[in-house]
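Q: Take a look at this one; I'll ask things after.
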Amino acid sequence: MKHELLRMDHITLSQGGEIFLDNLSFQMFAGEIMGLVAQNNKGCDQLVSLICNNQPIDFGTVWYDGQIVNSYFCSGRNANRVYVIEQKSHLVEGLSIADNLFVLRKGFRKYYINESVLSRQAASFLQENGIRIDMAKRVASLTPLERSLVELGKALLSGCRLVIVDNPGNFLSQHDLTEFQQMLKRIRDEGISILYIGNHHQEVFRIADRTSLFSGGRIVKIFEKGEMTDQNIEPYITDWNIREPELEPDPESEDGILHFHRVCAGSLRKLRFVLHKGECLTLLDMDKRIAEDILRLLTGQTECREGWITLEHEPYTAQRASGYLDEGIAIIPQDCAESLLFRNKTYMENLTFLLDRKLGKSLIPGKIYRSIRREFGPLAGPAINAANITSLPLQEQIALVYYRMLLFSPRVLVCIQPLAKGDMYTRMKILKLLRGFLDRGTAVLIITANISDTLDISDRLLVVEDGTCTAVYEKQEFDRIAATVHTPAGTSGTARNKGLLY
């Protein structure tokens, strides 16, 4: 018989007059992986916080391990034995792995610490739980996977029976994510419960025993094991498509735009591909190392050690790359809303930030601003009148970045993990925006460590491992990618050696 570990019954939670959890009911059993996919982010942080700490609630009751730990009439504010693994590390970087596991553990009482004894005990404990880490490493030098495994070990050592894993696909490479998921399944089999939060339902479905669809502060649907398919979730996401006016495409021009000719630089080893006009090409970065190297090449911060790059069949030198915007290359980083927007400026000021560069004028006539407002008003909606973008929802801030780049009319748009942040609604909006660029003939290059959702818009997929392309997939082959890209390079069979780079 299943043992119920967590039950949240008709929970209502408001903060500052806004309701974040609205009559929410949620249940988890011991020894299961419960997936959580958020249609929007509202209430998600509050849900995690409430599971960890019994803060006051407006209505409802929370049971943990068979005991009432929180209710609307009595909130003890005590913490439950729950551990959260997220992008932000909860380890102390200046200390050793053993110190993080033992010394910082609640209840540790020793005044004299034998470092060698602690190290042996830590190594033995981790090995017993199938976690292999070099104990000589300091926490500051751990890879994202090693850090996550140490935190998992810390959770087990602390006696936590529930571990919350928050969007691991955002900070782990594809290979690391697969290994980490295998470890989660192992501790699941030992009776530990996992709440696996993910932005991408494909990623969550691969590991979860059940999946909850979270929207507007409540659970709207629970998918059981046999129900976790794209077909079953489709009715819940089709209404999230953003219908926006179509922009007129630019005239046709020469097809090949950006070429990497056996480029060696940084971690890149003879990387070779071509990006065509109006094509969306996704580079799956299995090691999560190539994005920075490619950006440094495209922005003139470094040069090719071997090989060369051409833009419109002309050598793309470091001198040309130093003015990459003028060359028609636009770059949207993963944290675009934080790094590319000015918080103290209006929506229109942010939108037209690059306009003087595009027109080659320091003073822009008012009629041009009015024309831009007329063109982008139907796309941006009421947000275009915002005097302070800080108050705008995340999806509107991200959309503003894309509209700015659209106004610049780039030949090539490079996006770094565009779907890593935001809820499912935000991701659908980003996909719609990217289609607007493609309709105009802009070539889109996506560099990501997680292919979930990007296949909806991609025309080709290149798997890059150890700095070189190990497999190429055309669009008609995408239906079998899920079974191949999560295995070591070289096992994908026919796609690996097809020679489809050009």
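When you line the sequence shown up against our numbering, it's residues 102 to 603, in that order.
Built from N, CA and C at the ideal position, the CB exists for glycine as well.
Everything numeric in this text was worked out from a predicted model, so none of it was measured.
So, with DSSP's three-state summary, where would you put His-191?
A: Three-state DSSP puts His-191 in coil, outside helix and strand.
Q: How many Å lie between Phe-121 and Gly-317 at the Cα?
A: Rounded to the nearest angstrom, the two C-alpha atoms are 7 Å apart.
Q: Going by other Cβ atoms of all chains shown within 10 Å of its Cβ, with 16 needed for buried, is Glu-404 buried or exposed?
A: Glu-404 comes out exposed.
Q: With DSSP as the reference, identify every bridge partner of His-276, one or two as the case may be.
A: Note: His-276 sits in no beta bridge, so no partner.
Q: Considering only the beta carbon of each residue, do Arg-528 and Leu-520 sit closer than 7 Å?
A: Yes; because the gap between Cβ atoms is below 7 Å, this pair is in contact.
Q: Does the Cβ-Cβ distance between Tyr-503 and Leu-452 come in under 7 Å?
A: In this structure, Leu-452 does not lie closer than 7 Å to Tyr-503 by Cβ.
Q: Using a 10 Å radius around the Cβ and a threshold of 16 neighbouring Cβ atoms, would you call Met-236 buried or exposed?
A: Classification for Met-236: exposed.
Q: Classify Ala-521 as helix, strand or coil using the three-state DSSP reduction.
A: Coil.
Q: Measuring CB to CB, does Ser-559 end up less than 7 Å from Thr-383?
A: Cβ distance < 7 Å, so Ser-559 and Thr-383 count as in contact.
Q: What residue range is occupied by the uninterrupted beta strand (DSSP E) comprising Gly-482?
A: No beta strand (DSSP E) contains Gly-482, which DSSP labels as neither H nor E.
Q: Does DSSP put Ile-120 in a helix, a strand or coil?
A: Three-state result, Ile-120: strand.
Q: Smallest Cα separation from Gln-360: which of Ser-423, Gly-408, Val-321 and Arg-319?
A: The sequence shown places His at residue 360, rather than the Gln named in the question. When each option's Cα is compared against that of His-360, the closest is Gly-408.
Q: Take every Cβ of the stretch 301-316, pair it with every Cβ of the stretch 119-137, and state whether three or more of those distances are shorter than 8 Å.
A: Yes, they touch.
Q: Less than 8 Å between the CB atoms is what I'm expecting for Ile-432 and Leu-385, so what's the real figure, rounded?
A: With 8 Å as the limit, Ile-432 and Leu-385 do not qualify as a contact, their Cβ atoms being about 19 Å apart.
Q: Since Leu-316 sits in a beta bridge, which residues does DSSP pair it with?
A: For clarity, residue 316 is Ser in the given sequence; the question names Leu instead. Per DSSP, Arg-319.
Q: With a threshold of 16 other CB atoms inside 10 Å of the CB of Gly-117, please say whether the residue is buried or exposed.
A: Exposed, by the Cβ-count rule.
Q: Beta-carbon separation of Ala-422 and Leu-399 under 7 Å?
A: Yes, Cβ-Cβ distance for Ala-422 and Leu-399 is below 7 Å.
Q: Distance, Cα to Cα, Ser-197 vs Cys-261?
A: Computed Cα separation, rounded: 21 Å.
Q: State buried or exposed for Asp-200, treating a residue as buried only when at least 16 other CB atoms are found within 10 Å of its CB.
A: Classification for Asp-200: buried.
Q: Leaving out the 5 sequence neighbours to the left and right, which residues in its chain are closer than 6 Å to Val-264 when beta-carbon positions are compared?
A: So the list reads Tyr-184, Ala-256 and Ile-295, once near-sequence residues are dropped.
Q: Assuming Gly-523 and Leu-495 make a contact with CB atoms under 8 Å, what is their CB distance in whole Å?
A: Going by Cβ atoms, the distance from Gly-523 to Leu-495 rounds to 6 Å, so yes, they are a contact pair.
Q: Check for me: the beta strand (DSSP E) holding Met-236 runs from which residue to which?
A: That residue, Met-236, is in no beta strand (DSSP E); it is neither H nor E in DSSP.
Q: Let's see if you can read the secondary structure: which residues bound the alpha helix (DSSP H) around Lys-161?
A: Note that residue 161 is Gly in the sequence shown, not Lys. Per DSSP, Gly-161 belongs to no alpha helix (DSSP H); it is in the beta strand (DSSP E), 160-165.
Q: Using 10 angstroms around the beta-carbon of Asp-267, count the other beta-carbons present and answer buried if the total reaches 16, otherwise exposed.
A: Classification of Asp-267: buried, given that the 10 Å Cβ count is 16 or more.
Q: Helix, strand or coil, according to DSSP, for Asp-310 in the structure here?
A: Reduced to three states, the DSSP call for Asp-310 is coil.
Q: Using a Cβ-Cβ cut-off of 8 Å (strictly less than) and excluding sequence neighbours within five positions of Asn-179, which residues of its own chain qualify?
A: Excluding positions up to five away in sequence, the list reads Asn-154, Asn-155 and Val-170.
Q: Can you tell me whether DSSP reads Asn-179 as helix, strand or coil?
A: Three-state result, Asn-179: coil.
Q: Run through the DSSP bridge pairs and tell me what Ser-294 is partnered with.
A: Leu-263, per the DSSP bridge assignment.
Q: Counting C-beta neighbours from all protein chains within 10 Å, is the total for Ile-469 16 or more, i.e. buried, or is it exposed?
A: Looking at its Cβ environment, which holds fewer than 16 other Cβ atoms inside 10 Å, Ile-469 is exposed.
Q: Let me know if Arg-471 comes out buried or exposed under the rule of 16 or more other beta-carbons within 10 Å of its beta-carbon.
A: Exposed is the call here.
Q: Measuring alpha carbon to alpha carbon, tell me which residue in Glu-328, Trp-164 and Asp-146 is nearest His-111.
A: The shortest Cα separation from His-111 among Glu-328, Trp-164 and Asp-146 belongs to Trp-164.
Q: Once the 5 residues before and after Ala-497 are set aside, which same chain residues still bring their CB inside 6 Å of it?
A: The sequence shown places Glu at residue 497, rather than the Ala named in the question. Ala-484.
Q: Which partner residues of Arg-108 appear in the DSSP bridge assignment?
A: Answer is Gln-128 and Trp-164, bridged to Arg-108.
Q: Straight-line CA distance for Thr-555 to Ser-274?
A: Cα-Cα distance, rounded: 15 Å.
Q: Report back the beta-carbon spacing between Val-564 and Leu-376 to the nearest angstrom; my notes put them in contact at under 8 Å.
A: Their Cβ separation, rounded to whole angstroms, is 16 Å, which puts Val-564 and Leu-376 out of contact at 8 Å.
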